[in-house]
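So for the sequence shown, numbering that gives the first Met the number 0 puts the first residue at 0; every next one is plus one.
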Amino acid sequence: MKDLYEGGHDPEVLRIATDLALHGAALQEMVNATHQGRVENLLFPFFPTQKLNKRAVSSIFGSPEGTGGVERANLGPRSPSPLASDWQWAFRECYQTYYCPNAGGRSQSPSTVSQQQNNSQTSDQNHSEAEYNTLLYELLQELGATKEKLQATETRLKALETSQQELMSKHANSEVQIEKIKMEKQDRPKVAFSAALGVHGFFGPVYADTTLVYKNVFMNVGNAYQQTTGIFIAPVRGVYYFSFFYHCGTQHGTWLNLYRNGKKEAMAGQHKTQHGTPANGGNGSMLLLEKGDRVYIVLQKNSWIWDADNVTVFSGFLFNAM
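Written out as structure tokens, the structure is:
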């Protein structure tokens, strides 16, 4: 900057140069006052104690004479120092704008351009950060909502798993019960029999109570009925059902009794009649028997009975084992 004035480096000159760059309005008024005067006369009011030489004017404005005819294309920076270049630019810019109206509009200093670039970058950075923060906030909200939904789904899934485990447990228990029933059913003895008296015509009258032997056996599951004695012997404890039917004439009475271990449990029959037709009758009973109990039919004294085509029958079966 020592080329700007005679007498060496003066901070006051630097201050005035800065004023020239920042207060163009004052310079414009001086330009209007001097009416195309020389550059030395124009700048002199700013330097009352110093006089700029031709070399300084040439250094500032790019012209040996420093007159208003200098073109803007000739005003390029000449000092290798960036700071000196900015000061030269300040003087040249003031001169070019306010003293050389044909030179065109003002240009920006390197420092200003750099500052504007920095400001633009800062603005873009701030804008990008704002967008990033907004996006991050939205993503965090979505993440929170997704987390809540996931937790709710996990809760429902756990409830379903618990319900499924309970159903599986119940199903397993049901299968166990079914297998148990099957085993019990398989283990339960199957007992059933049915047999007819097996005579053709009348049997009797008898002169004492007589156990009837039903010889014509239709079925005897479990072989609990004794075909030779006419006695049913209970193979297991349980509830049994027994029935007996008969056909009889009119000349003698007919009385049949169902016995268990010598005790009469049920009876069926009819009295003797002088006039009438043959009759049919029967009875049935359920008995709780212990294993080994004996059940049979007794034809009462002075009674008779008739059979043909299996009309006088004794039957029974195990209803439920106990």
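Backbone N, C-alpha and C define an ideal beta-carbon position, used for all residues, glycine too. Source: prediction; values computed, not measured.
{"Item": "Local conformation of LEU138 per DSSP, three classes", "Value": "helix"}
{"Item": "Own chain, CB closer than 7 Å to ALA265, minus 5 neighbours either side, in chain order", "Value": "LEU257, ASN282 and SER284"}
{"Item": "Straight-line Cα distance separating GLU153 from GLU183", "Value": "44 Å"}
{"Item": "Contacts around LYS263, its chain only, beta-carbon distance under 6 Å, and the 5 residues preceding and following it disregarded", "Value": "ASN256"}
{"Item": "Where the beta strand (DSSP E) through VAL235 begins and ends", "Value": "No beta strand (DSSP E) holds VAL235; DSSP gives it neither H nor E."}
{"Item": "Other residues of its chain near ARG259: CB distance less than 8 Å, five sequence neighbours each side excluded", "Value": "LEU286, LEU288, ASP292, ARG293 and VAL294"}
{"Item": "Check whether LYS214 and GLN226 have beta carbons under 8 Å apart", "Value": "yes"}
{"Item": "Where ALA265 sits in the DSSP three-state scheme", "Value": "strand"}
{"Item": "Touching by the beta-carbon criterion (3+ pairs, under 8 Å), the segment 163-179 and the segment 187-194", "Value": "no"}
{"Item": "Candidates GLY261, LYS290, GLY280 and CYS247, of which the one nearest LYS271 by Cα", "Value": "CYS247"}
{"Item": "For LEU211, the nearest candidate out of ASN222, LYS146, THR228 and GLY252 (CA to CA)", "Value": "THR228"}
{"Item": "Element boundaries [beta strand (DSSP E), containing ASP306]", "Value": "304-306"}
{"Item": "Buried versus exposed call for THR311 [16 or more other C-beta atoms within 10 Å across all chains shown]", "Value": "buried"}
{"Item": "Simplified DSSP assignment, three categories, for TYR258", "Value": "strand"}
{"Item": "As assigned by DSSP and simplified to three states, the class of MET285", "Value": "strand"}
{"Item": "Three-way DSSP call (helix, strand, coil) for TYR131 in this model", "Value": "helix"}
{"Item": "LEU138 versus LYS179 - alpha carbon distance", "Value": "60 Å"}
{"Item": "Proximity winner among GLY197, ALA158, TYR206 and VAL235, relative to PHE217 (alpha-carbon distances)", "Value": "GLY197"}
{"Item": "Buried versus exposed, by CB contacts within 10 Å (16 or more), ILE177", "Value": "exposed"}
{"Item": "Short Cβ contact (8 Å threshold) for GLY221 with PRO204", "Value": "no"}
{"Item": "Beta-bridge pairing of ALA194 - partner residues as DSSP gives them", "Value": "VAL216 and PHE313"}
{"Item": "For PHE318, the three-state DSSP class (helix, strand or coil)", "Value": "strand"}
{"Item": "Range covered by the beta strand (DSSP E) that runs through VAL297", "Value": "293-298"}
{"Item": "Where TYR245 falls, given that 16 or more other Cβ within 10 Å makes a residue buried", "Value": "buried"}
{"Item": "THR133 versus ASN172: straight-line alpha-carbon distance, rounded", "Value": "58 Å"}
{"Item": "GLN225 (DSSP reduced to helix, strand or coil)", "Value": "strand"}
{"Item": "Contacts around SER162, its chain only, beta-carbon distance under 7 Å, and the 5 residues preceding and following it disregarded", "Value": "none"}
{"Item": "Range of the contiguous beta strand (DSSP E) that encloses GLY200", "Value": "200-202"}
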